[in-house]
Each structure stands twice: as C-alpha cells, then as structure tokens.
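Asker: Numbering (our numbering), first residue to last: 1162 to 1774. Every residue gets a Cβ at the ideal spot worked out from N, C-alpha and C, and that includes glycine. Please read these numbers as outputs of a predicted model, since none were measured by experiment.
(1) List the whole-angstrom C-beta distance separating residue 1758 from residue 1714, where the pair is believed to meet the contact cut-off of C-beta under 8 Å.
(2) When DSSP builds the beta bridges, which residues end up paired with residue 1745?
(3) Is it the case that the segment 1436 to 1447 contacts the segment 1231 to 1242, given that we only count it when at least three CB pairs across the two stretches are under 8 Å?
(4) Measuring straight from C-alpha to C-alpha, what distance separates residue 1596 and residue 1604?
(5) If you follow the beta strand (DSSP E) that residue 1775 is part of, which residue opens it and which one closes it?
(6) Are residue 1192 and residue 1262 touching if we call contact CB-CB under 8 Å?
(7) Put residue 1757 into one of helix, strand or coil per three-state DSSP.
(8) How many angstroms separate the CA atom of residue 1252 from the CA atom of residue 1617?
(9) Quick one: measure Cβ to Cβ for residue 1209 and residue 1235, integer angstroms, because I've assumed they're closer than 8 Å.
(10) For residue 1276, which residues of its own chain have a beta-carbon under 6 Å away from its beta-carbon, when the five flanking residues on both sides are left out?
(11) Who are the Cβ neighbours of residue 1555 in its own chain at under 7 Å, not counting the five residues just before and after it?
(12) Does the distance from the CB of residue 1742 to the CB of residue 1732 come in under 8 Å?
(13) My output table needs one value for residue 1555: the three-state DSSP class, helix, strand or coil.
(14) Could you have a look at residue 1216 and say whether DSSP puts it in helix, strand or coil?
(15) Touching or not, the segment 1608 to 1627 and the segment 1576 to 1583, by the rule of three or more beta carbon pairs under 8 Å?
(16) Taking the straight line between their C-alpha atoms, what separation do you get for residue 1426 and residue 1611?
(17) To the nearest angstrom, report how far apart residue 1377 and residue 1385 are at their CA atoms.
(18) So is residue 1375 buried or exposed if we call it buried at 16+ other beta carbons inside 10 Å?
(19) What does a CB cutoff of less than 7 Å around residue 1297 pick up in its chain, not counting 5 residues either side in sequence?
(20) Alpha carbon to alpha carbon, what distance is there between residue 1397 and residue 1390?
(21) If you drop the 5 nearest sequence neighbours on each side, which residues of the same chain put their C-beta closer than 7 Å to that of residue 1178?
(22) Only counting runs of 4 or more residues, tell me where the alpha helix (DSSP H) segments fall wholly within the segment 1244 to 1332, in order along the chain.
(23) Mapping DSSP to helix, strand and coil, what is residue 1388?
(24) Once the 5 residues before and after residue 1561 are set aside, which same chain residues still bring their CB inside 6 Å of it?
(25) Please tell me whether, using a cut-off of 7 Å, the distance from the CB of residue 1322 to the nearest non-hydrogen atom of the ligand NAD is below it.
(26) Just checking, does the segment 1300 to 1318 make contact with the segment 1333 to 1353 on the three C-beta pairs under 8 Å criterion?
(27) Which residue wins for smallest C-alpha separation from residue 1756, given the options 1395, 1717, 1708?
(28) With a cut-off of 8 Å, does the C-beta of residue 1723 fall near any C-beta of chain C?
(29) Note down the Cα distance separating residue 1613 from residue 1585, rounded to an integer number of angstroms.
(30) Considering only residues of the same chain and omitting the five flanking positions on each side of residue 1303, which have a CB-CB separation below 8 Å?
(31) Provide the residue span of the alpha helix (DSSP H) that contains residue 1591, from first to last.
(32) Once DSSP output is grouped into helix, strand and coil, what is the label at residue 1763?
(33) With 16 other CB atoms within 10 Å as the buried threshold, where does residue 1173 fall?
(34) Since I believe residue 1705 is in contact with residue 1735 (beta carbons under 8 Å), could you give me their beta-carbon distance rounded to a whole number of angstroms?
(35) Figure out for me which residue from 1258, 1406, 1314, 1285 has the closest Cα to the Cα of residue 1367.
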C-alpha cells in the first residue's frame, strides 16, 4: 500500500513540476512576443517620421514658396498629421512596454520563486514520508527477526525438556533463553506497532493534508498565471484601442485638409504670381491689297510721317533719344501738381481711348529702324543673362513680377534698417549708462561700434532708396497701383535727380515692358544724352493732334518738358492710362507732361505713335 502511493505521489510531483515550468515558458514566450511588437511599433513610427521629414519643405527654398497653394498646404497638413500618427504608434510601444512587458517580467520572477518554494516544500514532505517508511521497514524486519529467534529458542527449550539425558540446569537455561527471546519479540512487536501507527499517521497527513495543500497552492499559482496572461492579452488590445480615437482624429484632419483644397484660390495665386502687367496687343487691321497705289504702309515710315505732317502741321528735325524701336521714350514718374494749380486739376479732361495700330505697321517700323546698340551696357546685359546672372533691379522680369520683387526687397531692407536702428538705440542707452556710472565701463569703447552701426544704417538707407526709386519707376508704369503718385512724388521730391540711377530709364519701356540688363553702380552717372545721339537719324513721330496747356508745368525730370499756361503744342502720343501725354514744341524739343495739365484735341484722321507691350 505505502510504496505504491509514494511512487504515485512522486510521479505526480514530477508531472506538476514539468507542467508549471511549461506555463512559465509560455509566459516568457508571450513577453518576447509583446517585446518584438513594441520594437516593430517603434521602427514603424521612426519610418513614418523619416518619411514625413523627407517631404517637408526645405527652408529658404523654392519648395517653401510652393506651399502657398491650398493643395500643398493640405499635403503639409498630411505630413504633420503623419507625425502625430507616428507618435501614437510610439505611445503603443511605450504602453505595451510599461503595462505588459515590464509587469510580466516582474511577475515571472515572482512566479519562479513561488513555484520553487512550493516544490521545495513538497520535496521536503516526500523526504519525510520516505524516512518514516524506512523506519517502519526497519522495525518490521527487527520484529520478524525477533519472532523467529523466539520460536527457535522455544523449540530448543522443548527439545531439552524432553531429553532425559539433559541436566536440569541445562533445561532451565534453555527455558530462560526462550523467555528472553520471547520478550524481545514482544518488544519488537510493540515497537513495530508504534512505528506503524506513526507511519500511518504521517502517510495520512502526507496524502490528505501536506500534498493536497501543496498541490492546491500550485494550482492556485497556475490559475493566477493563466489569469494574468489573459489580462495581459486584454491590455494588449486596450493599448491599441486607446489610440484609435486619436488616430481617427489624425485621419479626420487629413480629410479636413483635403476638403480645404480650393482650386479657384490656387488658380488665383498662379495668376498673381505670373501676372506680367502687359496689355494685350490690339486687333490686326485688314490690309487691302486690291488697290496697289493705296497699299497701307507703316504710320512711322518716312513717307507717311511727312504726309501726316503736311496734312496738319509741318514737322522737321529728328526725334531725340528713341531707345526702343516699338515704343515711346521713357516717362518720368509724375510729380505732384504745383501749388498754383487749382484743385480741379486731378479732375481735368482725360485723353480718349488709344487707337490700335496694325501689327504690320509695327513690324515695318521695326524693319526700317536702324538696329543700333544704344550703349555698351546692352552687350554686357545680354552676356550676363546668358551666364545666368540676375539683374539687381530685376529688370529681366515682367512689370508686375518686378514690382513684387522690388517691394519684397524694400521690405527686407526696411527690416534690416529697423534692426540696425534698434541696435544703435541699445548701444546709445548703454553709453549713457557708462557715462553716468563710469565704473561699469568705458563710454569711449562704444564709439567705434556706434559709428559702425550708423554707417550700416546709412548704407542700408541708400540701398533702400535705390530700390524704392526702381519701385516707384515701375509703379509709375502700372496705372492699377492707386498710390503711385504719392510714392513717386515723395521720392523724387526728397532726392536729387542725380542720385537716381538713370540706367533704370534705359532698362524699362514706358508702359512697364522690360529688358534684360545688369545694373551697375559705376554706370549711374552716365548721362542719357550719351545714348540719345545714336538715334538722331531716326524720323520724328507724326502729330496726332494739338493740346493747350491749362496750367504751368516745370519739367524738371528727364523726359519731361516745361509748358506755360495757355501755350499750344502738338500731341505726338496720347495718354496710355499712366497719366502722361507726349507732346512736341519744336523740332528738337519734345517730352511728357501730365495729362491733367493739358486739354487735348486729337485729329480723328491721324494715327499716333503706338507702343508694343
């Protein structure tokens, strides 16, 4: 009965030990699985962040300008949301690590210690019952041996007692020996009985108390392990579930950004970005070739200009300084009206709408004009553009784009000037502090820095004035700008005309068309008359009407002409919408006057000088 139970108990202990170790292995395997999942989440988040960073616009680059468009802004929002999206995967990794991996790893260590204690207690109970069993076996063998010895002694006594040849003393001795052996057998029997009872009690406690208690503890331990791994799996799902609303919000923001794309707005930005400011050419007139003797020729050709002169007034001499084959002379920015002019001047008569000239006339004029290069700068200008250089005054751009670039440059210079002025004020305050408290520093040590800052301010102001002059010049040829008269008059009244670069007049056509010319500081002092003489052999523009000066105008800027109130002059080019009319007094004297200063009488049969845009 006993050994088989003990062997069965040992077998069960071994099986339970293997099973509990397998349970711990399963737990460690799950920990490893979660750990690898966290590494995947971190790697995925890192890749998402790198992807978003890769497509982020680079600062101070052309890409940054592209993000003015709503589609690009939506894409930028998508990249930002991808960063937040990646952040949620990092949160998943952190929460799984802290709530599952770390906790389970700590629990596994506790589980191993608990399991070890239970099986140590079980092994100790096993050893105790084995010791009891050995004691029982020993007492049993001793009892068996003593019984046999007693039987032999009793048989020997009976033999001696039956033998008549044996002395009485020998018989008595055998009888006493038999009694001793019998007593020893009784003692062994009592000892065996006692040990047997003790063993039965121990065995009963072992199988009904100790082992069940140990097995119960092991079972509870295993059940806690199973529950714990189940809770960890729930936590695994909850960690993912917790970030779903935020990930959904990121996706909603991406959808919202996509819905904010406005194709009309983007189209308007493109229009604003590439609007040139040019006026479209007029309609091409029909040229009747059925009458060979009355074939249309260019209005600016030699025969036509003389014919028109005879029809109205006789003109002679040469036009002065025509720099463009298609266009009129450069106009100066309009100065403010003189103080003697009445307030009704701005509301004066406006020029009628300009008539369009046939395209063939313009090409005829271009073909008959002499292709002279009016200055060496044109050659250098073309070379600089071929080499990829950008003119300082952005004269290679269309008028509207040039105005934007110049305005941007002026704003940047004004910011730099304000920064330098703030620095100068700070140094001045520090110098005052040093003057009041000499122990804090030497005031003279700040003079050099103060002088340097003042020089920087002066340089920046000169630079700003230069760009403002170009900006005023461009805005003077863009009539859509409402504040052009204020900007230009303020600038030209405050500056000496000699300080305004004359080369800007050569770079730009009167109506805002542009040339490709590199601005040079050393060429500012070159007189415009040096280039006008090269075109002295060109025919003068024909008169298209007459005008009467309503007020006196002092033409102080280049390209203007002075008139006296009541004076009658010839109109050779009407107002194109920029506030200037081109007139002629004599063969060698012509220029621009404000349209509001004169009353124009156009000849309906005459065709004025037209300008290509």
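Answerer: Walking through what the data contain:
(1) Locating residue 1758 in the chain shown gives position 597, where the first residue counts as 1. Locating residue 1714 in the chain shown gives position 553, where the first residue counts as 1. Going by Cβ atoms, the distance from residue 1758 to residue 1714 rounds to 5 Å, so yes, they are a contact pair.
(2) Position 584 of the chain shown, counting from 1, holds the residue named residue 1745. DSSP, once it has assigned bridges, lists 1731, 1751 as partnering residue 1745.
(3) no
(4) Stepping through the chain shown from its first residue, residue 1596 is reached at position 435. Stepping through the chain shown from its first residue, residue 1604 is reached at position 443. Roughly 6 Å between the two C-alpha positions.
(5) With the chain covering only 1162 through 1774, there is no way to say anything about residue 1775.
(6) To locate residue 1192, count along the chain shown from 1; it is residue 31. To locate residue 1262, count along the chain shown from 1; it is residue 101. Yes; because the gap between Cβ atoms is below 8 Å, this pair is in contact.
(7) Here residue 1757 refers to the residue found at position 596 when the chain shown is read from its first residue. Note: residue 1757 maps to helix in three-state DSSP.
(8) Looking up residue 1252 in the chain shown gives position 91. Looking up residue 1617 in the chain shown gives position 456. Computed Cα separation, rounded: 52 Å.
(9) For this step, residue 1209 is matched to residue 48 along the chain shown. For this step, residue 1235 is matched to residue 74 along the chain shown. With a Cβ gap of about 18 Å, residue 1209 and residue 1235 do not count as contacting.
(10) Stepping through the chain shown from its first residue, residue 1276 is reached at position 115. If we look at residue 1276 and ignore the five residues flanking it on each side, its Cβ neighbours are 1181.
(11) Along the chain shown, read from residue 1 onward, the residue named residue 1555 stands at position 394. So the qualifying residues of the chain are 1563, 1566, 1567.
(12) As a first step, residue 1742 is located in the chain shown; it is residue number 581 there, counting from the start. As a first step, residue 1732 is located in the chain shown; it is residue number 571 there, counting from the start. Closer than 8 Å, so yes.
(13) Residue 1555 sits at position 394 when you count from the first residue of the chain shown. Reduced to three states, the DSSP call for residue 1555 is coil.
(14) Taking the chain shown and counting its residues from 1, the one referred to as residue 1216 is at position 55. In the structure shown, residue 1216 sits in coil (DSSP, three-state: anything other than H, G, I, E or B).
(15) yes
(16) The count along the chain shown starts at 1 and reaches residue 1426 at position 265. The count along the chain shown starts at 1 and reaches residue 1611 at position 450. One C-alpha to the other measures close to 48 Å.
(17) Your numbering for residue 1377 matches position 216 in the chain shown. Your numbering for residue 1385 matches position 224 in the chain shown. Between residue 1377 and residue 1385, the C-alpha separation is close to 12 Å.
(18) Here residue 1375 refers to the residue found at position 214 when the chain shown is read from its first residue. Per the 10 Å Cβ criterion, buried.
(19) One-based indexing of the chain shown puts residue 1297 at position 136. The answer, listed in chain order, is 1356, 1357, 1360.
(20) What you label residue 1390 is simply residue 229 of the chain shown in a count that begins at 1. What you label residue 1397 is simply residue 236 of the chain shown in a count that begins at 1. Approximately 10 Å, taken between the alpha carbons.
(21) For this step, residue 1178 is matched to residue 17 along the chain shown. Within the same chain, residue 1178 has close Cβ partners 1280.
(22) 1263 to 1323
(23) The sequence position of residue 1388 within the chain shown is 227, counting from 1. In the structure shown, residue 1388 sits in a helix (DSSP, three-state: H, G or I).
(24) Within the chain shown, numbered from 1, the residue matching residue 1561 stands at position 400. Around residue 1561: 1436, 1437, 1438.
(25) The ligand NAD is absent from the structure shown, which contains no ligands of any kind.
(26) yes
(27) For the purposes of this step, residue 1756 is taken as the residue at position 595 of the chain shown. It is 1708 whose Cα lies nearest to the Cα of residue 1756.
(28) Checking the listed chains, one finds no chain C in this structure; it contains a single protein chain.
(29) As a working mapping, residue 1613 is identified with position 452 in the chain shown. As a working mapping, residue 1585 is identified with position 424 in the chain shown. In a straight line, the C-alpha of residue 1613 is about 9 Å away from that of residue 1585.
(30) Locating residue 1303 in the chain shown gives position 142, counting from the first residue. Once the five neighbours on either side are set aside, the close Cβ partners of residue 1303 are 1349, 1352, 1353.
(31) Numbered from its first residue, the chain shown carries residue 1591 at position 430. Element bounds for residue 1591: 1560 to 1597.
(32) Translated into the one-based positions of the chain shown, residue 1763 becomes position 602. Of the three classes helix, strand and coil, the one that applies to residue 1763 here is strand, per DSSP.
(33) Numbered from 1 along the chain shown, position 12 holds the residue referred to as residue 1173. Per the 10 Å Cβ criterion, exposed.
(34) Locating residue 1735 in the chain shown gives position 574, counting from the first residue. Locating residue 1705 in the chain shown gives position 544, counting from the first residue. Their Cβ separation, rounded to whole angstroms, is 7 Å, which keeps residue 1735 and residue 1705 in contact under 8 Å.
(35) Walking along the chain shown from the start, residue 1367 turns up at place 206. Considering only alpha carbons, the answer is 1285.
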